[in-house]
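Okay, structure first, notes after.
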Amino acid sequence: METNVNKVVLKEWFDRVDSDKTGNITAPQLKIAFAVGNLDFPLSIVQQMIRMYDFDKNGTMSFDEFIQLNQFLLKAQQVFADFESICLLSINMYPSTITQDTITQERKGSLGACFHVPVDISSYDKLLCFTTTHLGSKNQHLYHQANITYLSGGRGFLVLDDVYEGLVKMGFSLDSPAFYTVCESFDTKKNGRLKLDDFISLCIFVQSAQNLFNSFDTSKQGRVTLDLNQFIYCTANCRI
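Next comes the structure, spelled out in structure tokens:
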């Protein structure tokens with residue numbers, strides 16, 4: 001039922017974008033629609049999106065093709081959200097001589113010190129690592145128990161370590177030269193931070209490159225040999 005409802009919503013959105021009612025949307029139409037949702041993609045990236053799912057090779061996107069693109073975009077958006085989290089740690093620290101019962105009774109009193117620590121933490125493992133490093137090992141004499149709560153928020157960008165982990169979660173495994181080169185291409189402000197539209201653009205490029213590579217890797221050995229004409233064909237199809 002939920003899938004059918006989602007399709008109805010997507011169809012309504014698609015029909016609004018299809019302003020000339022041809023049953024297909026063009027790259028300029030799709031770019032404008034993304035901009036309304038605060039996603040500023042270069043036209044070349046939107047064209048790449050269409051090429052990725054243009055199964056009938058007519059240069060536009062049908063509704064069925066759009067559904068496939070939407071699934072990819074939702075996955076990339078979720079991965080971005082998973083890795084952009086900011087946590088605000090609220091830590092209550094008590095002298096080690098205070099008992100648990102006293103802590104419970106006097107939690108809001110003056111026995112302990114309460115402070116807030118803003119820190120980038122994108123997973124529970126990182127949270128545990130932070131508390132162990134900054135509380136457990138250095139401050140054991142200061143507290144009986146550290147009560148930690150945290151609120152997740154969004155910082156609006158990914159740093160390069162996050163981008164790498166995000167690509168892995170998307171199913172891509174790049175070596176260091178390939179990873180840093182492609183990140184540099186999509187890091188428009190050259191500050192080591194990728195916004196959502198930058199990250200999606202990067203994922204679109206890598207997915208397109210992988211699709212094209214796989215079309216030449218007929219033996220599925222992870223290696224291809226290209227002559228000059230084939231190389232030009234590949235670079236033209238992966239242009240950004």
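Under full-length UniProt numbering, the residue at position 149 of the sequence shown is numbered 149, and the numbers go up by one with no gaps.
For every residue, glycine included, the Cβ atom is placed at its ideal position computed from N, Cα and C.
Boundaries of the alpha helix (DSSP H) in which residue i is found, first to last residue
i, result
"V163", "L160 to M170"
"residue 278", "Because the chain spans 1 through 240 in this model, residue 278 falls outside it and cannot be assessed."
"Q235", "The sequence given here has Thr at residue 235, not Gln. Here the alpha helix (DSSP H) through T235 covers L228 to N237."
"E184", "S176 to F186"
"R223", "Neither: R223 is in no alpha helix (DSSP H) and is coded neither H nor E."
"S44", "L43 to Y53"
Check: residue i C-beta below 6 Å from any heavy atom of the ligand ZN
i, result
"G156", "With respect to the ligand ZN, the structure shown offers nothing to examine, as it has no ligands at all."
DSSP bridge partner residues for residue i (one or two, in chain order)
i, result
"N24", "S62"
"L194", "L158"
Residue i classed as buried or exposed, judged by whether at least 16 other C-beta atoms fall within 10 angstroms
i, result
"E65", "buried"
"Q78", "exposed"
"D18", "buried"
"residue 307", "No statement about residue 307 is possible, as the shown extent of the chain runs from 1 to 240 and does not include it."
"F34", "buried"
"L226", "exposed"
"E12", "exposed"
"F231", "exposed"
"V8", "exposed"
"D162", "buried"
"N211", "exposed"
"residue 258", "Outside the shown range of the chain, which is 1 to 240, sits residue 258, and nothing can be said about it."
"N58", "exposed"
"N6", "exposed"
"K21", "exposed"
Cβ separation of residue i and residue j, assumed to be a contact under 8 Å, to the nearest whole Å
i, j, result
"A27", "L10", "18 Å between Cβ atoms; not a contact."
"F80", "L158", "7 Å"
"V45", "S201", "Residue identity check: residue 45 is Ile in the sequence provided, not Val. Rounded, the Cβ-Cβ distance is 5 Å, consistent with contact."
"R51", "N237", "7 Å"
"G156", "E84", "7 Å"
"V206", "D217", "15 Å between Cβ atoms; not a contact."
"F63", "F14", "5 Å"
Any chance the segment 31-50 sits against the segment 195-207, with 3 or more Cβ pairs inside 8 Å? yes
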